[in-house]
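Just so you know, we're using full-length UniProt numbering here: the sequence shown kicks off at 1 and counts up by one.
Even for Gly, the Cβ is constructed at its ideal location relative to N, Cα and C.
Working notes for the structure below.
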Amino acid sequence: MYNIDDFDLKILTLLQSNGRLTNQELSELIGLSASQCSRRRIALEQAQLILGYHARLAPDAAGQEMLGLIEVRLLNHTPECVASFHQMVSGVDAIIDAYKTTGDADYLLKVAVADLPGLNHLISGILAQNKSVAHLKTSVVLNRLKENGLLMPGSSALP
Numbered sequence: 001m002y003n004i005d006d007f008d009l010k011i012l013t014l015l016q017s018n019g020r021l022t023n024q025e026l027s028e029l030i031g032l033s034a035s036q037c038s039r040r041r042i043a044l045e046q047a048q049l050i051l052g053y054h055a056r057l058a059p060d061a062a063g064q065e066m067l068g069l070i071e072v073r074l075l076n077h078t079p080e081c082v083a084s085f086h087q088m089v090s091g092v093d094a095i096i097d098a099y100k101t102t103g104d105a106d107y108l109l110k111v112a113v114a115d116l117p118g119l120n121h122l123i124s125g126i127l128a129q130n131k132s133v134a135h136l137k138t139s140v141v142l143n144r145l146k147e148n149g150l151l152m153p154g155s156s157a158l159p
């Protein structure tokens with residue numbers, strides 16, 4: 001178990017909003033030397049508190065402008081049924097996030113596709129065909145206000 005102190009928390013917070021910060025830039029922002037920031041960053045990565053670095057792409061850059069949220073209820077919760085569903089989820093690129101949840105749905109999927117025909121194919125041609133799936137409920141995202149803790153460009157706090 002890694003004990004996070006205030007400096008680690010500052011590093012994590014700064015990297016979450018800008019993963020491209022260099023150790024020198026981090027050192028200037030939090031008041032540690034660049035070498036201390038480097039050691040702490042490596043320790044946070046090794047402790048798997050930093051899971052990776054990536055670029056946030058605009059939806060049109062990836063050709064996946066339509067987002068959907070799909071609630072999934074499984075037929076049953078046998079190990080075979082759950083494993084079949086998990087295997088399907090891992091093999092579908094359009095599923096960008098998958099969460100096991102409480103409540104009416106067993107899972108919530110965040111999906112990204114190019115258009116309505118793509119969403120229809122994902123729902124009818126892939127998800128509904130999985131023998132583990134009993135029920136699907138889909139919502140289409142109309143506007144992205146905030147993702148990964150950051151406000152989306154062009155969105156405002158006021159309606």
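Check: What are the start and end residues of each continuous alpha helix (DSSP H) run of 4 or more residues lying completely inside the segment 20-54, in chain order?; Outcome: 23-30 and 34-46
Check: Rounded to whole angstroms, what is the Cα-Cα separation between Leu21 and Leu15?; Outcome: 7 angstroms
Check: According to the neighbour-count rule (16 or more other Cβ atoms, all chains shown, within 10 Å of its Cβ), is Ile4 buried or exposed?; Outcome: exposed
Check: Count the other CB atoms within 10 Å of the CB of residue 173; is the residue buried (16 or more) or exposed (fewer)?; Outcome: The requested residue 173 does not occur in the structure, where the chain is confined to residues 1 to 159.
Check: Beta carbon of Ile11, beta carbon of Ile30: below 9 angstroms?; Outcome: yes
Check: Would you kindly work out how many angstroms separate the C-alpha atoms of His121 and Cys37, rounded to a whole number?; Outcome: 47 angstroms
Check: By how many angstroms is the C-alpha of Pro117 removed from the C-alpha of Asp60?; Outcome: 16 angstroms
Check: Which residue marks the beginning of the beta strand (DSSP E) containing Thr138, and which one marks its end?; Outcome: Val133 to Val140
Check: Hey, would you say Arg56 sits closer than 9 angstroms to Leu150, going by beta carbons?; Outcome: yes
Check: Quickly, what does DSSP pair Asp97 with across the bridge? List them, please.; Outcome: Lys110
Check: Any idea what DSSP makes of Gly125, helix, strand or coil?; Outcome: helix
Check: From which residue to which residue does the alpha helix (DSSP H) around Thr88 run?; Outcome: Just to set this straight, residue 88 is Met in the shown sequence, not Thr. Pro79 to Ser90 is the extent of the alpha helix (DSSP H) around Met88.
Check: For Gly68, does the count of other Cβ atoms within 10 angstroms reach 16, so buried, or fall short, so exposed?; Outcome: buried
Check: Report yes or no: do the segment 82-89 and the segment 136-143 share at least 3 C-beta pairs separated by less than 8 angstroms?; Outcome: no
Check: What do you get for Asp97, buried or exposed, if any count of 16 or more other CB atoms within 10 angstroms of its CB means buried?; Outcome: exposed
Check: Roughly how many whole angstroms lie between the Cα atoms of Asp104 and Ser35?; Outcome: 49 angstroms
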